[in-house]
Amino acid sequence: MNFLSNLISGLSLGSIYALIALGYTMVYGIAKMLNFAHGDIIMVGAFAAIVFINNLGLPMILGVLLSVVVCVAVGVLVEKIAYKPLRNAPPLSVLITAIGVSYFLQSLAQLIFGTNQKAFPKFIQVAPVHIGELTIKGESIVTLAVTVTIMVVLTLFINKTRMGKAMRAVSEDRQAAELMGISVNRTITITFAIGSALASVAGSFYGLTYSFIGPYTGSMPGIKAFVAAVFGGIGSIPGAMLGGILLGIIENLAKAYISTELSDAIVFGVLILVLLVKPTGLLGKKINEKV
Amino acid sequence: MLKVDNINVYYGKIHAIKDVSFEVKEGEIVSLIGANGAGKSTTLKTISGLLRSKTGSVTFCGEDISKTDSYKLVSKGMAHVPEGRRIFLQMTVQENLEMGAYTSKSDIEKDLEDIYRRFPRLAERKNQIAGTLSGGEQQMLAMGRAMMSHPKLLILDEPSMGLAPILVQRIFDLIKELHESGTTILLVEQNAEMALSIADRAYVLESGRVVLSGTGEELAASDEIKKAYLGG
Numbered sequence: 110m111n112f113l114s115n116l117i118s119g120l121s122l123g124s125i126y127a128l129i130a131l132g133y134t135m136v137y138g139i140a141k142m143l144n145f146a147h148g149d150i151i152m153v154g155a156f157a158a159i160v161f162i163n164n165l166g167l168p169m170i171l172g173v174l175l176s177v178v179v180c181v182a183v184g185v186l187v188e189k190i191a192y193k194p195l196r197n198a199p200p201l202s203v204l205i206t207a208i209g210v211s212y213f214l215q216s217l218a219q220l221i222f223g224t225n226q227k228a229f230p231k232f233i234q235v236a237p238v239h240i241g242e243l244t245i246k247g248e249s250i251v252t253l254a255v256t257v258t259i260m261v262v263l264t265l266f267i268n269k270t271r272m273g274k275a276m277r278a279v280s281e282d283r284q285a286a287e288l289m290g291i292s293v294n295r296t297i298t299i300t301f302a303i304g305s306a307l308a309s310v311a312g313s314f315y316g317l318t319y320s321f322i323g324p325y326t327g328s329m330p331g332i333k334a335f336v337a338a339v340f341g342g343i344g345s346i347p348g349a350m351l352g353g354i355l356l357g358i359i360e361n362l363a364k365a366y367i368s369t370e371l372s373d374a375i376v377f378g379v380l381i382l383v384l385l386v387k388p389t390g391l392l393g394k395k396i397n398e399k400v
Numbered sequence: 176m177l178k179v180d181n182i183n184v185y186y187g188k189i190h191a192i193k194d195v196s197f198e199v200k201e202g203e204i205v206s207l208i209g210a211n212g213a214g215k216s217t218t219l220k221t222i223s224g225l226l227r228s229k230t231g232s233v234t235f236c237g238e239d240i241s242k243t244d245s246y247k248l249v250s251k252g253m254a255h256v257p258e259g260r261r262i263f264l265q266m267t268v269q270e271n272l273e274m275g276a277y278t279s280k281s282d283i284e285k286d287l288e289d290i291y292r293r294f295p296r297l298a299e300r301k302n303q304i305a306g307t308l309s310g311g312e313q314q315m316l317a318m319g320r321a322m323m324s325h326p327k328l329l330i331l332d333e334p335s336m337g338l339a340p341i342l343v344q345r346i347f348d349l350i351k352e353l354h355e356s357g358t359t360i361l362l363v364e365q366n367a368e369m370a371l372s373i374a375d376r377a378y379v380l381e382s383g384r385v386v387l388s389g390t391g392e393e394l395a396a397s398d399e400i401k402k403a404y405l406g407g
């Protein structure tokens, strides 16, 4: 029973990683860049929610929803100001810029909110559920329900809608997509908007899970979500979901049964093993072009 | 319909296109022929805005498009089937066709039916991933995808590349059909014989310059062309 409850909290943590990993993988697939500032969007979202709820006294759910708007604005703005001018620059320049943006957001948060951790409001309070001897935290259930719903909607969006198909077209062949009349710049903007919205939701649930938020809060889940995206096969949307969820489960089980200190090492160790056996990640694939 | 006036295109320091000018009139089939690296594809990419010229202009239907974003040209009536087909290999056949109709205002269902009637092979495989198609089928898909936007001007870059002779014939028949139904065509080919046989007019590119031009028949009969491109 203990094992099951560890598994479920791992699943809930993993679904948060999955939301963040989706942003990484979509931006990588479509803009062909690793947005290392993506993790800090989580922190921006969490602080925005704190301001809306604690400082402005808005209803909690409204505060969380508004934080999504703030993150979308910040994500799109970062893309416009920092990445768009580098659209044709070497990948390394873009990568370094992304790291710069990451430090910028962290320092900005420090200037505004100071270095101390702030308590994150418990915006959802649900009684734990008991099934026989098994106890599941209410928050875990809500987190899972929300994240799974988002993932289902996102999958339908990507596979069924005109915009979603255009995103896949851009991700596969930017020039050919342009020749179809698809605006690559607009598609990239939309991708950043979606990725930032997901990161913001992840930020609120991360705050709910860990209760405290600081200027550096985004970096660790950001890195783990990046690992999850690579683990699942970077560029693959189902890969990011699978990678995120597996990572959360492995991390939680490692904490429960092996060692809390070593849990991160175990997570990264598993990544190395997977990449040794399957360098493209679990669901990453390469299609050979016919000439 | 299309007027290319004195364009010069560079890849870094390499001067790839030198003072190239030519014209495609409404209802024509115009071929650009030339050896590998003569600048044929570069010229086409400059027309469709993927590359920019340092000088001169490109005019399409009376409008200067030399600075227009590439993606805006489809809705103005230009479709470009790039070299190597460039279909979306990880998307289904039908999704590829839908992408061709991305800016289309007409009835997509009906247009899909038309394409499937023309290419029954594509209909059979419409839910298959395009990467699993044979080379010939991929070329049909690339042409079908371009047709979905109902272009006034269809630009084709090496449509016969890598195809068996019977398929090459099929592609050229299709080009003639499209032309007869009112589409203006700009064709780039290494297969000079085929390209000249269907062209109203043709231009010969050599090292980034237009060195000869004339009607398809004139060029096919010219000794220089015979020697350089038609094998004697």
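Residue numbers (the working numbering), protein chains in the order written: chain L, 110 to 400; chain A, 176 to 407.
Note that beta-carbon positions come from the ideal geometry of N, C-alpha and C, so glycine has one too.
Since we're looking at a predicted model, the values are computed, not measured.
Residue contact check for residue 255/A against chain L: a CB pair falls below 7 Å.
For residue 352/A, the enclosing alpha helix (DSSP H) begins and ends at 340 to 355. Under the 7 Å criterion on CB atoms, residue 225/A is classed as interfacial with respect to chain L. Residues of chain A with a Cβ closer than 9 Å to the Cβ of residue 348/L do not exist; the shortest Cβ-Cβ separation is about 13 Å.
Residue range 189 to 199 is occupied by the beta strand (DSSP E) that includes residue 191/A. Exposed is the label assigned to residue 239/L, since fewer than 16 other Cβ atoms lie within 10 Å of its Cβ. Taking a Cβ-Cβ threshold of 8 Å, the residues of chain L close to residue 249/A are 288, 289, 290, in chain order. Among the residues of the region 253 to 283 of chain L, those with a Cβ less than 8 Å away from any Cβ of chain A are 271, 274, 275, 277, 278, 281, 282, in the order of the chain. Taking each of 336/L, 343/L, 363/L in turn and checking the Cα distance to residue 381/L, the smallest one comes out for 336/L.
For the 7 Å CB-CB criterion, residue 372/L and residue 363/L form a contact. Checking the DSSP bridge columns, you'll see residue 378/A partnered with 207/A, 388/A. At a cut-off of 7 Å between beta-carbon atoms, residue 285/L makes contact with chain A. By the Cβ neighbour-count rule, residue 338/L is buried, with 16 or more other Cβ atoms within 10 Å of its own. Counting along the chain, residue 178/A sits inside no alpha helix (DSSP H); it lies in the beta strand (DSSP E) bounded by residues 177 to 186.
Between residue 218/L and residue 152/L the beta-carbon gap is near 6 Å, inside 8 Å, which marks them as a contact.
The region 311 to 322 of chain A makes contact with the region 293 to 302 of chain A: 3 or more CB pairs, one atom from each, lie closer than 8 Å. In this structure, residue 359/A places its C-beta atom within 7 Å of the C-beta atom of residue 202/A.
If you check the CB distance, residue 118/L and residue 361/L come in under 7 Å. Counting C-beta pairs with one atom in each stretch, the region 323 to 334 of chain A and the region 348 to 358 of chain A have three or more that are closer than 8 Å, which means they touch. Within the same chain, Cβ atoms closer than 7 Å to the Cβ of residue 347/A are found at 369, 373, the five residues on either side in sequence being excluded. Cβ-Cβ distances below 6 Å link residue 375/L to 363 in the same chain, with the five nearest sequence neighbours on each side left out; the list follows chain order. Between the region 269 to 287 of chain A and the region 268 to 283 of chain L, the count of C-beta pairs closer than 8 Å reaches three or more; the two stretches touch. Following the DSSP letters along the chain, one finds residue 332/A in no alpha helix (DSSP H) but inside the beta strand (DSSP E) bounded by residues 328 to 332. If you keep only unbroken beta strand (DSSP E) runs of at least 3 residues inside the region 211 to 249 of chain L, you get 238 to 240, 243 to 245. With fewer than 16 other CB atoms across the displayed protein chains lying within 10 angstroms of its CB, residue 227/A is exposed. Nearest CB-CB separation between residue 274/A and chain L: below the 7 Å threshold. Contact annotation, residue 285/L with residue 261/A: C-beta distance approximately 4 Å; criterion of less than 8 Å satisfied. Here the region 235 to 255 of chain L lies against the region 312 to 324 of chain L, with 3 or more beta-carbon pairs under 8 Å apart. Residue 340/L and residue 354/L have their C-alpha atoms roughly 11 Å apart.
The C-beta of residue 277/A comes closer than 7 Å to at least one C-beta of chain L. Nearest CB-CB separation between residue 345/A and chain L: not below the 7 Å threshold. When secondary structure is reduced to three states using DSSP, residue 263/A falls in the coil class, being assigned neither helix nor strand.
The region 161 to 178 of chain L makes no contact with the region 188 to 207 of chain L, as fewer than three CB pairs between them are under 8 Å.
Ranked by Cα distance from residue 345/L, the options 164/L, 392/L, 241/L are led by 392/L. Residues of the same chain with a CB within less than 6 Å of the CB of residue 323/L, apart from the 5 flanking positions on each side, are 226 in chain order. Against residue 261/A, the close residues of chain L are 282, 284, 285, 288, in the order they occur along the chain (beta-carbon pairs closer than 8 Å).
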